[in-house]
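Since the structure comes first, as structure tokens, the remarks are kept for the end.
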Amino acid sequence: MKLDFLRISLLFILAIFASECLTAQTGALFSPYRGRDIATITLGDTISFDGEFQVPRTWPAEIRIRRPGQGTFKTYKAGEATALVLNDRTHFRALPVEMKNGDSQILFVEVLLRGKVFFFELPKGKYPFMVFDGEYTHLSRSNYRDIIEEFAESCPANWCSWQRTAFTRRSLRFFFDRHNRGNLNTRIPMMNAGVGLQYNIMLMKIPGNNQTPFKFDGYNLTISWFSPTMFMHIPFYNNNNLGLDFQVSRHAFVATNTEQSADNTDYIMDSWLDFAWYQGGAALRYTFTWNHF
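Next up, the structure:
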């Protein structure tokens, strides 16, 4: 009786646990989009719905959506659809984009940042980036420093950290994110690379040999040489003090040594070493700013 009661109790607990899991996962288990690419599309200002999406050849001018219960995909043009979210991660807006020939075309433009300032990456056209703070401003390699200087905060020093901002997606996004948070005077990360010259010294201890027919004493062989080095630092913009360091060095040396017995009769031994190899490394680096100390 005790065994049957215990068995029934365990089965009852298992049934409760299974029902709770099924209740929590009902949407995932029975969703018509499970395992598919899902988009949330907005038509005009008010109509919004979810559906399975396909990216046609005409992207970013058009997107194809299939609503629940429909057997075929319907094509929506940018402009007819005003906003688009793919897989709950990537946000797009339908905006006019100036092309290289001077024409304007409405395309789905990726929204990289939202807040006081919106930051967009244009899929093609004359300009690669655009910002919106009440009016739209295009960014190019020739004007982006003038634009970010208008947004930047003043600082007492002659050189401010935000001036490290480079004309890349990650660096510009980091700048406008700090601007929206009101925290631009923090350290701005920047990828950097360079070359160097290492000085190396190595001490090799050669053991002696007292067995016939060769007898010689042990000795030390000191070798020194210079090695060219290349390095690169890639910052993690999510943590502006953390980055990844890469380094490659080439080492090469030739060492010779002659050992002779004190009375010049027992032995004469020559040693010759010729080495060349490449050394590579990668490491995480966390940088402490000077004002913390």
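Quick note: to get my numbering, add 832 to the position in the sequence shown (first position is 1). A virtual CB, placed ideally from N, CA and C, is assigned to each residue, including glycine. A quick note: this is a predicted structure, and the numbers were derived from the prediction, not measured.
Assumed close pair residue i, residue j - CB separation to whole angstroms, cut-off 8 Å
i     : j     : result
F1008 : V963  : 7 Å
S1059 : Q1030 : 4 Å
A1025 : F1063 : 7 Å
Y1118 : L1076 : Actually they are not in contact, since the Cβ atoms of Y1118 and L1076 sit about 11 Å apart, beyond 8 Å.
N919  : D869  : 6 Å
E981  : K958  : Incorrect: roughly 22 Å between the Cβ atoms, too far for contact.
Reduced DSSP secondary structure (H/G/I, E/B, other) of residue i
i     : result
S974  : coil
L1016 : coil
R1117 : strand
D882  : strand
R1005 : helix
T855  : Only weak support exists for where T855 lies, its pLDDT of 37 falling under 50; the value from the coordinates is given anyway. Helix at T855.
G891  : One point to set straight first is that residue 891 is Trp, not Gly, in the sequence displayed. W891 falls in the coil class under three-state DSSP.
R896  : strand
R1010 : helix
E942  : strand
F1164 : Past the boundaries of the shown model lies residue 1164; the chain is included only from 833 to 1125, so the question cannot be answered.
E967  : coil
Q995  : helix
Y865  : Unreliable positioning characterises Y865 in this predicted model, as indicated by a pLDDT of 44, which lies under 50. The coordinate reading is nonetheless provided below. Three-state DSSP puts Y865 in coil, outside helix and strand.
G911  : coil
A860  : For A860, the predicted structure reports a pLDDT of 33, less than 50, and the residue's modelled location is therefore unreliable. A value from the coordinates is still provided. In this structure, A860 counts as helix in the three-state DSSP scheme.
P1060 : strand
D1106 : strand
D935  : coil
E1051 : For the record, residue 1051 in the displayed sequence is Tyr; it is not Glu. Y1051: strand per DSSP, three-state reduction.
F905  : coil
A850  : Caution applies to A850, whose pLDDT of 49 falls short of 50 and renders its modelled position unreliable; the model cannot decide the point.
N919  : coil
T1000 : coil
Q1075 : The residue asked about is misnamed: residue 1075 is Gly in this sequence, not Gln. Strand.
G947  : coil
G1112 : strand
Option in the options with minimal Cα separation from residue i
i     : options                    : result
Y976  : S1103, Q1030, T997         : T997
G1040 : G1050, I1033, Q886, V929   : G1050
W1109 : S1081, A1115, A926         : S1081
P892  : L875, I938, D877, D869     : I938
N933  : A913, R1001, K956          : K956
A1087 : V1027, G1075, L1105, F1078 : L1105
A823  : P888, R889, I879, R898     : Here the chain has residues from 833 to 1125 only, and residue 823 is not among them.
E967  : Y959, A984, K948           : K948
A1114 : M1022, T1090, Q886, F1078  : F1078
L1035 : I1055, R1013, G1026        : I1055
L927  : P1067, Q1111, F1063, A915  : A915
L1016 : F983, L1074, F881          : F983
Limits of the beta strand (DSSP E) - the one that residue i falls within
i     : result
V784  : This structure does not reach residue 784, given that the chain is present from 833 up to 1125, and the question cannot be answered.
Y1069 : Here Y1069 belongs to no beta strand (DSSP E), and DSSP marks it neither H nor E.
E953  : 950-953
N1024 : 1024-1038
T874  : 870-875
The ligand SAH heavy atom lying under 7 Å from the CB of residue i
i     : result
P1039 : The ligand SAH is absent from the structure shown, which contains no ligands of any kind.
Does the stretch 951-969 come within contact of the stretch 905-920, defined as at least 3 CB pairs closer than 8 Å?
-> These segments do not touch.
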